[in-house]
Structure formats: C-alpha cells, structure tokens
Amino acid sequence: MSITSLKAAAMTDANIALVSPSAFFAWCLHSVDQDQIPFRANYPQYFQASGSSDYLWRTYDRRLSDVIGLVRPGLRVLEIGCGIGSDLHWLALHGARVTGIDVKSEWTTAAKLLTKHVSARIAPVEVDIQRINLLDLPDAQYDLIYMKDTFHHLEPRDEIVAKIARLLAPGGSLVIVEPNAWNPLIQWKMFRIRGFRTIIDKTDKATGERFVYGNERLVTGGAIVRSFARHGVKGTSRLFRLVPTALASNRWIVGAADLLESVRIEAGLIPVCIHCVYRGTKA
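For the sequence shown, position 174 (counting from the first letter as 1) is numbered 315 according to the numbering used here, and the numbering increases by one without interruption.
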C-alpha cells in the first residue's frame, strides 16, 4: 500500500489512523467538523492533489521520527505550542500522559473539541490542554518535551530555555523541530513577514491577555544546541527535506529529491534543507 493509499484508508478507518502521526492527522483532517476544528483552514496543503501527497506525508512523519521512537505507555509528554493537537492525541492513544499548551485561545478551544471527537470516534482519551504561557506553567517533570515550528516564537528566549530545562526530567528527551535558519529562501519569507521586528507584543483576542512573541525569530540548530547545553541538556541537530510545500506537487523535483534523500546526502546541502531537528537529553 502506498503512503497516499494508507492516508486515504486512514480517513475512514480508525485502526489505520493509529499507525503513525501522519495517518492520524489524515483521519483528523477528514473526520472533524471544520467549522469547529479548523484543520482545512490551517493546513490547506494537505488537501491538495494526490501527486504531492506522498512526499508531504512522508516528511510529516520524518519530522516526528524522534518522538515516534520514544512513545510508550505512561510517558509524560509536554507539547509546547500544541495548536489543535493532533500529534498529542496520537501519543495519548498510545498510552502517553500528555499535556499541550498554547497562548492562543482559538487553538486550545479547538484542541479540546478534538479530544471529545477522538474519544467519541476512536477511544476515550485524556489530553490536558491549557491556554497558558510557558513561563507561567507550574513546574513539573516531563519525560519528553517537544515542539514543532514553535521555538522561534518563544520569548524571552534565555528564560524560555531555562524553564524548559527545569521541566525536563533527568534522562528525559527534548525534541525541537524548526525551519532551517540557514536556508536563504526561508529567511527571505520570514523577513517579508516581520521586517526587522523580531520580538513583538501580542494580545489574545478572546482574553485580552498580552504576551511577548518571537516574530519569526529563527535560530540555527547549532545555537539551540549551545543554548540548552548551558542548562545541562546535551544534544545534536540535523537537517533534512529538500522540497518546500509549494513545489511538492512537481513529480520531477520530488523524484530528484527522493533520490538525494535516499542516499542520505541532504544534510550536506545546508542552504537547501527545509527542516532542522534538535534532540537533547538531560543528564
């Protein structure tokens, strides 16, 4: 069964949806009430023609490969910037004890509705969703802390790094997925969004709460490694994925990328890679 076929089957089969985060994500995309849980509005690229699907789905799971390898019953997980929280619910269905936080109330409201949807359609699941700033989160101990496309929004950065290190249990793992800051096209895209304003104040529309926000303030994998090493979390970073979403429907470009990625030379193409993944462990 091809990846596209697997995702198509997952849209209607709850058992197949549990196979991987991407399969579960596909199930969420097509099974929820889009007016209440807005997957389609926030992830339109995954509703495109099937020609782009295989590559997008494959890289979806590659971004989370470190998280997938750690999942087990009882694993204490914190996702920072959880959004709607599909990956968090997949972990919970595999027995992890999960908490997701976000500063945007529209995301946490949708995530709580997703918990009800998953509990009704697949199996009862407990997911602790909180609308809270990370620095206000009560100290606890987590075996796994992870985030996707979130670290460049977290400020003040030095305080954030120290807080995450405190929350991570001894022997625990930290996984951070970020855009590749060495990619000039990504930097240009971010610059067009933010200009020179890399740190701004934002206000939650529903609550009126103000918070400091990193305005697409990208950071390299090496900088993440050094930041957390100062707080006792030792790790490494890696780069991967050669095709941006906008070109993922071009079969010739995807075919060339598949060849290069299969022989593991993509990390040598530093300015081209799309994703950076950091994984660290607290001594």
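Glycine included, C-beta positions come from ideal geometry on N, C-alpha and C.
My guess is that residue i and residue j are in contact by the Cβ rule of under 8 Å, so how many angstroms apart are they, rounded?
i	j	result
Tyr354	Ile365	That belief does not hold up - the Cβ atoms of Tyr354 and Ile365 are roughly 19 Å apart, past 8 Å.
Thr256	Ile270	7 Å
His285	Gly241	Residue 285 is actually Leu in this sequence, not His. The pair is not a contact, with the Cβ atoms about 12 Å apart (cut-off 8 Å).
Could you pull the start and end residues of the beta strand (DSSP E) that residue i belongs to?
i	result
Pro311	Leu309 to Pro320
Gly241	Arg238 to Asp243
So residue i is in the alpha helix (DSSP H); what residue range does that whole segment cover?
i	result
Gly349	Taken as a continuous stretch (DSSP letters only), Gly349 belongs to no alpha helix (DSSP H), as it is neither H nor E.
Ser246	Ser246 to Arg262
Val208	Ser206 to Leu211
Cys169	Pro162 to Ser172
Arg335	Pro325 to Arg335
Leu234	Ser227 to Leu234
Val366	Gly362 to Ala370
Can you tell me whether residue i is buried or exposed? The criterion is at least 16 other CB atoms within 10 Å of its CB, across all chains shown.
i	result
Lys304	buried
Lys253	buried
Gly192	Residue placement at Gly192 is flagged as unreliable, the pLDDT there being 46, under the threshold of 50; a coordinate-derived value is accordingly withheld.
Ala190	Because the pLDDT at Ala190 is just 46, under 50, the model does not fix this residue reliably, and the value given afterwards should be weighed accordingly. Ala190 comes out exposed.
Gly362	buried
Trp393	exposed
Ser403	exposed
Asn324	buried
Ala158	buried
Thr249	buried
Nearest CA to the CA of residue i: which residue from the options?
i	options	result
Ser390	Val212, Ala264, Leu229 and Phe188	Phe188
Trp168	Ile242, Ile263, Gly222 and Val360	Ile263
Ala424	Gln328, Leu170, Pro311 and Phe292	Pro311
Ile416	Asp399, Arg392 and Pro385	The question names Ile, but residue 416 in the sequence shown is His. His416 has its Cα closest to that of Pro385, out of Asp399, Arg392 and Pro385.
Val259	Pro279, His372 and Asp228	Asp228
Gly409	Val212, Arg203 and Arg382	Arg382
Leu359	Asp243, Arg181, Val413 and Asn321	Asn321
Val239	Phe369, Arg213 and Trp248	Arg213
Val244	Glu350, Leu309, Asn156 and Asp174	Glu350
Val318	Asp195, Ala397, Arg181 and Val418	Val418
Looking only at DSSP bridge pairs, what is residue i linked to?
i	result
Tyr196	Note: Tyr196 sits in no beta bridge, so no partner.
Ile305	DSSP, once it has assigned bridges, lists no residue as partnering Ile305.
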